[in-house]
Amino acid sequence: MKKILVSVLALLFLHAAFAQTNNIQGPTLGVHFFLNDFEGAQKVRSTSFSTAIREKEFGKLKEMTPGIALNYIQGITKYVDVSSTLAGSFIDYPQRTRAPFNRDFFLLEGDISFRGKLLPNNYWISPYLQAGVGVSKYKGYFDAFIPAGVGIQVNIFDEAYLLLNSQYRIPVTESANYHFYFSIGLAGSIGKKNTPDTVTPQ
Numbered sequence: 001m002k003k004i005l006v007s008v009l010a011l012l013f014l015h016a017a018f019a020q021t022n023n024i025q026g027p028t029l030g031v032h033f034f035l036n037d038f039e040g041a042q043k044v045r046s047t048s049f050s051t052a053i054r055e056k057e058f059g060k061l062k063e064m065t066p067g068i069a070l071n072y073i074q075g076i077t078k079y080v081d082v083s084s085t086l087a088g089s090f091i092d093y094p095q096r097t098r099a100p101f102n103r104d105f106f107l108l109e110g111d112i113s114f115r116g117k118l119l120p121n122n123y124w125i126s127p128y129l130q131a132g133v134g135v136s137k138y139k140g141y142f143d144a145f146i147p148a149g150v151g152i153q154v155n156i157f158d159e160a161y162l163l164l165n166s167q168y169r170i171p172v173t174e175s176a177n178y179h180f181y182f183s184i185g186l187a188g189s190i191g192k193k194n195t196p197d198t199v200t201p202q
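Just so we're aligned: the sequence shown equals residues 1 to 202 in this note's numbering.
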């Protein structure tokens, strides 16, 4: 019985690995809930990441600002995707070169990034590294930043994806500020599904 079970599991694994013509991510659209953390980034920069963790000064939910984002992903190769995100939140943005506004205004951030995946899409879970360029708009001020981070993509029966992402957003322009960006979201394919390979009779 044990041998039969092992054989069945092996056949299922082989079917999952070879059922698709390719494992390049098709057009994918997602909705994400995210948290911006400026306070945590400031504490890490003023001390160190390990110190902030040890003194419990990092990752405080009450210091983070929530928002909603839309995300589009398109695969280039099995291991590289292009990802674009448009995110919005209401926040008292701590600009580095200006006095605080002391009230919340709408922050709009958009970025285009490359995702380097450890595993292709036929695996149910795929960790990835991400880096790109982004722009933000806050009360008529435009700034630029670099989003760099890590994430995990979970394949849900080839129908949808659960996406977990953590970024450190590095300012390029003077008034932009360092912050962490943590998101969780669901995405679904909006293109044609991959079909099994077919063998042409000789």
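C-beta atoms are modelled at their ideal positions from N, C-alpha and C, and glycine is treated no differently.
task = Enumerate in chain order the residues of its own chain whose CB-to-CB distance from SER189 is below 6 angstroms, with the five nearest sequence positions on each side excluded.
result = Walking along the sequence shown from the start, residue 189 turns up at place 189. Correct list, in chain order: GLY26, THR28.
query = How would you call GLU159, buried or exposed, if buried means at least 16 neighbouring beta carbons within 10 angstroms?
reply = In the sequence shown, the residue the question calls residue 159 occupies position 159. That one is exposed.
Per DSSP, the bridge partner or partners of LEU129 = One-based indexing of the sequence shown puts residue 129 at position 129. According to DSSP, LEU129 bridges with GLY116, VAL150.
request  = Go to ALA52, then tell me how far its alpha helix (DSSP H) extends in each direction, as first and last residue.
outcome  = Here residue 52 refers to the residue found at position 52 when the sequence shown is read from its first residue. 49-54 is the extent of the alpha helix (DSSP H) around ALA52.
query = So what does DSSP say about VAL44, is it helix, strand or coil?
reply = The residue given as residue 44 occupies position 44 in the sequence shown. Of the three classes helix, strand and coil, the one that applies to VAL44 here is helix, per DSSP.
key: 3-residue-minimum beta strand (DSSP E) runs that sit fully inside the region 69-101, ordered along the chain   = 80-91
inquiry  = Within the continuous beta strand (DSSP E) that includes PHE157, where are the two ends?
reply    = Position 157 of the sequence shown, counted from the first residue, corresponds to residue 157. Neither: PHE157 is in no beta strand (DSSP E) and is coded neither H nor E.
task = Please report the residue range of the beta strand (DSSP E) in which TYR181 lies.
result = Numbered from its first residue, the sequence shown carries residue 181 at position 181. It spans 179-189 - the beta strand (DSSP E) in which TYR181 sits, taken as one unbroken run.
ask   = Where does ASN244 land, buried or exposed, given buried means 16+ other C-beta within 10 angstroms?
value = Outside the shown range of the chain, which is 1 to 202, sits residue 244, and nothing can be said about it.
request  = For GLN95, collect the residues of the same chain with a Cβ closer than 6 angstroms to its Cβ; drop the 5 residues on either side in sequence, then sort them by chain order.
outcome  = Walking along the sequence shown from the start, residue 95 turns up at place 95. If we look at GLN95 and ignore the five residues flanking it on each side, its Cβ neighbours are SER175.
Secondary structure of PHE106, DSSP reduced to three states = Position 106 of the sequence shown holds residue 106. Three-state DSSP puts PHE106 in a strand.
key: Assigned secondary structure, LYS139 (DSSP; H/G/I helix, E/B strand, else coil)   = Locating residue 139 in the sequence shown gives position 139, counting from the first residue. LYS139 falls in the coil class under three-state DSSP.
request  = Give the range of the beta strand (DSSP E) segment to which GLY30 is assigned.
outcome  = Residue 30 sits at position 30 when you count from the first residue of the sequence shown. Looking at the DSSP string, the run of the beta strand (DSSP E) that includes GLY30 is 28-37.
key: Proximity of PRO147 and ASP111 at Cβ, strictly below 8 angstroms   = The residue given as residue 147 occupies position 147 in the sequence shown. The residue given as residue 111 occupies position 111 in the sequence shown. Yes, Cβ-Cβ distance for PRO147 and ASP111 is below 8 angstroms.
Neighbourhood of SER183 by C-beta, 6 angstroms cutoff - its chain only, sequence neighbours within 5 removed = Along the sequence shown, read from residue 1 onward, the residue named residue 183 stands at position 183. Cβ within range, chain order: HIS32, PHE34, ASN165.
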